[in-house]
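Written out below as structure tokens is the structure these notes cover.
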Amino acid sequence: MKKVWILLILAIIVSCAPESKYDDYDLLKHGLSLKIKAPADPEVSVTDLGIAKDVTVKKGDHYNIQIISSTATTYNIADIIAEKKQEVEGGTYFSQIIQEDENGFIFEKKIDENNINYDFRAVKIVGDVEYDFQTGLMGKFTKEDVLEMYEAVK
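Residue numbers for the sequence shown follow the numbering used here, beginning at 49 and rising by one.
Take a look at the structure:
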């Protein structure tokens, strides 16, 4: 009987785990050895910048992720994140860091009380390639939009 209760409790815990509304999306066909979570059939644009590749994955008005891949110059993600944080905090409209972890952070940009936007920075290093993630350059994103995009690139 005790085993039945344990199995029942485990089943409840598993069924309560949050589900992503996005599916795995393999970016290999776009030149990146990387998978992210994305809506079905996103628009993908690729720009080869020579020393870096700019890949934007977009779907609708609430999902727009820009990924810059380049040769890693360091393998210390903490140093890269600290540099990105310093850059963001020096921005004209930077307001506050909303959330951060060892791979990146989410922040608020405030022009005025009626014009607030959210963005993120995240970094992954795979082999000798550094992947830098942020919201796409075009668009206004809510906190919820950015939280979902940030989770999609973890």
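Yeah, the Cβ is synthetic: ideal placement off N, Cα and C, and Gly gets one too.
Item, Value
"With 16 other Cβ atoms within 10 Å as the buried cut-off, status of residue 197", "buried"
"Residue 170 - DSSP class collapsed to helix/strand/coil", "strand"
"is_contact[residue 84, chain D] using C-beta, thresh 8 Å", "In the displayed structure, chain D is absent; only one protein chain is listed."
"Whole-angstrom C-beta distance between residue 103 and residue 75, which should lie under 8 Å", "6 Å"
"Check: residue 126 C-beta below 7 Å from any heavy atom of the ligand ZN", "The ligand ZN is not part of the structure shown, which contains no ligands of any sort."
"Separation of residue 128 from residue 177, as counted between CA atoms", "13 Å"
"Selected residue, minimal CA-CA separation from residue 132, among 105, 174, 179, 90", "179"
"Rounded straight-line distance, which links the Cα of residue 153 to that of residue 146", "7 Å"
"Residue environment, residue 82, which counts as buried when at least 16 other CB atoms sit within 10 Å", "buried"
"Contacting residues, own chain, Cβ-Cβ under 6 Å from residue 200 (five flanking each side not counted)", "70, 84, 85"
"Buried versus exposed, by CB contacts within 10 Å (16 or more), residue 194", "buried"
"Straight-line Cα distance separating residue 114 from residue 185", "8 Å"
"Rounded straight-line distance, which links the Cα of residue 108 to that of residue 174", "29 Å"
"Cβ shell of residue 156 (< 7 Å), same chain only, five flanking positions each side left out", "143, 144, 146, 164, 166"
"Cβ-based neighbour list, residue 137, same chain, cut-off 7 Å, excluding 5 preceding and 5 following", "none"
"For residue 115, the first and last residue of its enclosing beta strand (DSSP E)", "111-119"
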